[in-house]
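See structure below.
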Amino acid sequence: MTVSAWVFIAGSRWSEVHGTDANLAMAISRRVPVIWVEPPISAAERVRTRSSMRTRSHDLAPNITAIEITTPPYPSRPILRSVADRHFSAAIRAFAVRRNITVEATVVATPRADFPQLPGERVYLVTDDWLAGAELMGLSPQWVGRKLAGNLEGADITLAVSPVLRDRLVSIRSDAIVHVLPNGSNFDQFDFGTARPPDVPAANYAVLCGQLNERLDIGVLEATVDAGAHLVVIGPVTTRDAGSREAFEKLATHPNVRFTGEKSRAEMVPYLVHASVGITPYVVDSFNRASFPLKTLDYLVAGLPVVSTDLPASRWLEPDGVVNAATPAEFASRVVELSDRPNDATEDRRAKQKTLLAAHSWAARADQLLGLVRGSAGAGREAASRASTA
Numbered sequence: 009m010t011v012s013a014w015v016f017i018a019g020s021r022w023s024e025v026h027g028t029d030a031n032l033a034m035a036i037s038r039r040v041p042v043i044w045v046e047p048p049i050s051a052a053e054r055v056r057t058r059s060s061m062r063t064r065s066h067d068l069a070p071n072i073t074a075i076e077i078t079t080p081p082y083p084s085r086p087i088l089r090s091v092a093d094r095h096f097s098a099a100i101r102a103f104a105v106r107r108n109i110t111v112e113a114t115v116v117a118t119p120r121a122d123f124p125q126l127p128g129e130r131v132y133l134v135t136d137d138w139l140a141g142a143e144l145m146g147l148s149p150q151w152v153g154r155k156l157a158g159n160l161e162g163a164d165i166t167l168a169v170s171p172v173l174r175d176r177l178v179s180i181r182s183d184a185i186v187h188v189l190p191n192g193s194n195f196d197q198f199d200f201g202t203a204r205p206p207d208v209p210a211a212n213y214a215v216l217c218g219q220l221n222e223r224l225d226i227g228v229l230e231a232t233v234d235a236g237a238h239l240v241v242i243g244p245v246t247t248r249d250a251g252s253r254e255a256f257e258k259l260a261t262h263p264n265v266r267f268t269g270e271k272s273r274a275e276m277v278p279y280l281v282h283a284s285v286g287i288t289p290y291v292v293d294s295f296n297r298a299s300f301p302l303k304t305l306d307y308l309v310a311g312l313p314v315v316s317t318d319l320p321a322s323r324w325l326e327p328d329g330v331v332n333a334a335t336p337a338e339f340a341s342r343v344v345e346l347s348d349r350p351n352d353a354t355e356d357r358r359a360k361q362k363t364l365l366a367a368h369s370w371a372a373r374a375d376q377l378l379g380l381v382r383g384s385a386g387a388g389r390e391a392a393s394r395a396s397t398a
């Protein structure tokens with residue numbers, strides 16, 4: 009029996025912290041089966057770990073199957089890149105044929121891949137300013153630029169997570185039609201009556217969730233706790249920069265700071281419920297200006313006010329309760345001010361959550377994308393068009 013499915017060519021492994029690609033794939037999978045294509049593994053790595061060279065598959069969740077493809081050795085070397093790309097594309101096609109899968113859409117959500125030769129709609133999901141962040145990812149900016157230009161030409165639908173990123177893509181290919189599909193939130197089930205976690209301060213506190221890396225402005229964090237705010241930090245330290253790692257380790261010793269380490273989404277709920285304010289202290293640079301931080305929506309859906317450094321995506325969310333700060337001192341002042349306020353009543357937070365989820369859940373984003381792919385003139389195209397003019 010033939011099965012219709014979507015193919016997601018991912019920018020990160022499913023086992024890593026879930027970003028835009030994994031969250032959207034999960035939401036799409038509740039509507040149509042998804043084939044999640046993990047970033048390829050070099051044959052040299054397979055030899056080193058004595059693992060099979062075959063394309064392997066396994067179920068990740070209901071309606072999501074992952075495939076792992078082995079590419080020729082040293083695929084990052086220029087002379088072997090085209091060979092590796094062709095092999096990767098052929099392996100995806102072969103898997104679809106073996107499983108009797110009719111591909112409705114292929115989503116490329118990585119700066120490293122081209123569109124494979126598959127039927128169906130080609131969706132280019134640009135989750136960050138990959139050109140600005142190329143060196144941070146260990147990639148050649150020239151190579152990333154060529155990939156972007158080629159995929160913009162080959163895509164039937166191009167999506168960017170923010171208006172700034174949309175404009176960057178149009179500057180690369182002036183005739184590209186780029187829809188804005190912002191990030192969403194998965195926090196659709198909150199128990200606002202949950203007990204206060206034992207490892208948080210007795211005082212009101214701000215919360216910072218997510219990966220701790222070079223994208224965060226450590227100076228803003230230091231100013232915030234030095235101003236008297238209590239801060240609970242939830243997430244793994246993933247920075248590759250020794251200076252940043254040392255700065256986070258120093259921050260962890262501040263008497264107003266609690267580091268919990270990484271938590272599952274379910275484990276994060278009590279920390280968000282009992283917080284007074286969420287913070288998004290990103291460095292304001294080209295890469296972050298084009299981003300749409302996932303954490304900001306998670307805070308809002310938890311019913312929290314948010315203080316953010318001055319990012320375009322945060323300005324877009326100001327009507328929903330985001331306060332933007334231009335300097336570390338202003339950021340710290342606003343966090344202290346909001347921390348001093350009592351939490352909203354539970355019913356008020358539930359009402360706010362319901363309103364925000366209707367507009368900003370990953371389920372809503374999946375419906376918008378399905379509408380675009382299936383040529384809908386309804387909610388999907390209208391919602392993406394509204395965001396495109398933001």
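Using our numbering, read the sequence shown as starting at 9 and increasing by one per residue.
Backbone N, C-alpha and C fix where the C-beta goes; we use that ideal spot for every residue, glycine too.
- Residue pairing from DSSP places GLY286 in a beta bridge opposite VAL215 and VAL314.
- Around VAL228, the same chain offers PRO289, PRO336 and PHE339 as residues with beta carbons nearer than 6 Å, after the five sequence neighbours per side are excluded.
- Under the DSSP assignment, THR232 falls in the alpha helix (DSSP H) whose first and last residues are 226-234.
- Under the DSSP assignment, SER37 falls in the alpha helix (DSSP H) whose first and last residues are 28-37.
- If you draw a straight line from the Cα of ILE49 to the Cα of THR246, it is about 21 Å long.
- Counting every other CB atom within 10 Å of its CB across the protein chains shown gives ILE17 a total of 16 or more, marking it as buried.
- DSSP places TRP370 in the helix class (H, G or I) of the three-state scheme.
- Ranking ASP137, ASN71 and VAL15 by CA distance to the CA of SER97 puts VAL15 first.
- Around the Cβ of SER148, a 10 Å sphere holds fewer than 16 other Cβ atoms; the residue is exposed.
- Shortest Cα-Cα distance from ASN31 to any of ARG323, LYS303 and GLY383 involves LYS303.
- By the Cβ-count criterion, HIS66 is exposed, with fewer than 16 other Cβ atoms from all chains shown falling within 10 Å of its own Cβ.
- Assignment of alpha helix (DSSP H) within the region 179-203, counting only whole runs of 4 or more residues, yields no such run.
- By the neighbour-count definition (other C-beta atoms within 10 Å, threshold 16), THR79 is a buried residue.
- Of the candidates ALA371, HIS238, GLU129 and GLY383, ALA371 places its Cα closest to the Cα of SER37.
- Taking all protein chains shown into account, MET276 has 16 or more neighbouring C-beta atoms within 10 Å of its C-beta and is therefore buried.
- For LEU167, the closest alpha carbon among the candidates VAL188, TRP151 and ARG181 is that of VAL188.
- Put simply, of ARG323, ILE100 and PHE256 the residue whose alpha carbon is nearest the alpha carbon of ARG297 is ARG323.
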